[in-house]
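J.: Take this structure first; my questions come after.
Numbering (the numbering used here), first residue to last: 4 to 404.
Here's what the structure looks like:
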């Protein structure tokens, strides 16, 4: 490969929608001696303040023009010191897989083939793959194929990321991430025209699984073979109704490992995967929620628990899989402070919802878990600036609003 800066090869870490994945990637790679380049999309982003960020570059907004985003990543990839790009968000996963041939001459990318990515992004195809692998999955149907509405159902986007490749009505330079989720009471039939207009495509309808708990499995694969995996129980999430984990703890369960490995084997997976599961309260089965083909929000507790996915991704990209030696530990937890606040806010905002948890009991649980496990995603004593600047930025936004 080409020359390096200061004797160090470099990795590009594009910013994600949430700070923990990008921050942990910089921290892991920087501590390993890699020259870190942070791709910044938003002026309010405070991660470049980290001591582990060697360099920051600007990136265009992929929501506005995904092809311009691709071209900028390619421009950075052409630097002789850059060895790989770490996917921290859905746009990266799409661009690096879809245009893999363009990047292949410049950098090494452990990312899935586009056909596999398409299956993961399309929740109908993903449900079919799970069924073929013998992995439990909620009943999933396109909106127009639902006949029985007399049960609890969920309407949500068919696609994890909506692109021209999946829906030809979308321009080639445009991608959308639709987060709209609607919970239906038995017998409630949503207006099709309004729903399609709001979501921009014909969505899916899934059975509503009664959840005993929620889990995730983080994984790095090398052409169908597992390189590293770690399980986390998501004790609290962005909202009391679900979302990304904000207080999670490492664990191990043989059946959870099985359903994750069987599905990734069915997909002949390559690269990163975050598999989210719901434990069915009635059957005890682990039912698949979705797969994110990138670094994930709960990356920090995975690394704290002994599985350093960003560094392993770097090693795999550089042909050094032989150096990857995970030492997972169970019972290691971590808090995302911003997410904990969002969790409380979701309870406050849900006044009148009979299913919402008790606010004071939740505050008590947060206090106890923080005292027992004072570990945080971005609040670090050896690197305080990203968190401090984030707090100040948030205060300024509140004062201006």
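Note that beta-carbon positions come from the ideal geometry of N, C-alpha and C, so glycine has one too.
Just to confirm the assignment, what range does the alpha helix (DSSP H) spanning residue 237 have?
T.: From DSSP, residue 237 is part of no alpha helix (DSSP H) but of the beta strand (DSSP E) over 228–242.
J.: On the criterion of 16 or more Cβ atoms from any shown chain inside 10 Å, does residue 200 qualify as buried, or is it exposed?
T.: It is exposed - the Cβ of residue 200 has fewer than 16 other Cβ atoms within 10 Å.
J.: Could you check the C-alpha separation between residue 362 and residue 42 for me, to the nearest Å?
T.: Those two C-alpha atoms are separated by around 38 Å.
J.: Going by DSSP, which residues form a beta bridge with residue 289?
T.: 282.
J.: So, under 8 Å CB-CB, residue 120 and residue 112 are touching, yes? Tell me the CB distance rounded to an integer number of Å.
T.: Residue 120 to residue 112, Cβ: 12 Å. No contact.
J.: By the DSSP assignment, the beta strand (DSSP E) with residue 38 in it spans what residues?
T.: First-last of the beta strand (DSSP E) with residue 38: 38–43.
J.: Per DSSP, which residues does residue 202 bridge with? Please list them.
T.: According to DSSP, residue 202 bridges with nothing at all.
J.: Distance check for residue 322 and residue 366, CA to CA, integer angstroms please.
T.: Rounded to whole angstroms, residue 366 to residue 322 spans 47 Å at the Cα level.
J.: Using 9 Å as the threshold, is the C-beta distance between residue 157 and residue 372 below it?
T.: Cβ atoms of residue 157 and residue 372: not closer than 9 Å.
J.: Considering only their Cβ atoms, is the gap separating residue 229 from residue 146 smaller than 9 Å?
T.: Not a contact, by the Cβ cut-off of 9 Å.
J.: Short of 8 Å in beta carbon distance, which residues of its chain neighbour residue 358, apart from the five on each side in sequence? Order them along the chain.
T.: Hits under 8 Å: none found.
J.: Under a three-way DSSP split, which group does residue 379 fall into?
T.: Of the three classes helix, strand and coil, the one that applies to residue 379 here is strand, per DSSP.
J.: Could you please give me the residues that DSSP links to residue 85 through a beta bridge?
T.: 13, per the DSSP bridge assignment.
J.: State the CB to CB distance for the pair residue 290 and residue 141, rounded to an integer number of angstroms; the pair is presumed to be in contact (CB under 8 Å).
T.: Their Cβ separation, rounded to whole angstroms, is 6 Å, which keeps residue 290 and residue 141 in contact under 8 Å.
J.: Grouping DSSP H, G and I as helix and E and B as strand, with all else coil, what is residue 353?
T.: Coil at residue 353, not helix or strand.
J.: Would DSSP call residue 64 helix, strand or coil?
T.: Looking at residue 64 - three-state DSSP - the assignment turns out to be coil, as it is neither helix nor strand.
J.: Among 96, 286 and 233, which has the Cα closest to the Cα of residue 222?
T.: The shortest Cα separation from residue 222 among 96, 286 and 233 belongs to 233.
J.: Output needed for residue 332: all residues of its chain with C-beta closer than 6 Å, excluding positions within five of it in sequence on either side, in chain order.
T.: Closer than 6 Å at the Cβ level, and outside the excluded window around residue 332, lie 308 and 309.
J.: Mark residue 195 as exposed unless 16 or more other C-beta atoms lie within 10 angstroms of its C-beta, in which case mark it buried.
T.: It is exposed - the Cβ of residue 195 has fewer than 16 other Cβ atoms within 10 Å.
J.: What are the start and end residues of the alpha helix (DSSP H) that includes residue 145?
T.: Careful: residue 145 lies outside any alpha helix (DSSP H), inside the beta strand (DSSP E) at 143–145.
J.: For my contact list, residue 281 and residue 212 are in at a C-beta cut-off of 8 Å; report their separation, rounded to the angstrom.
T.: That pair is a contact at about 5 Å.
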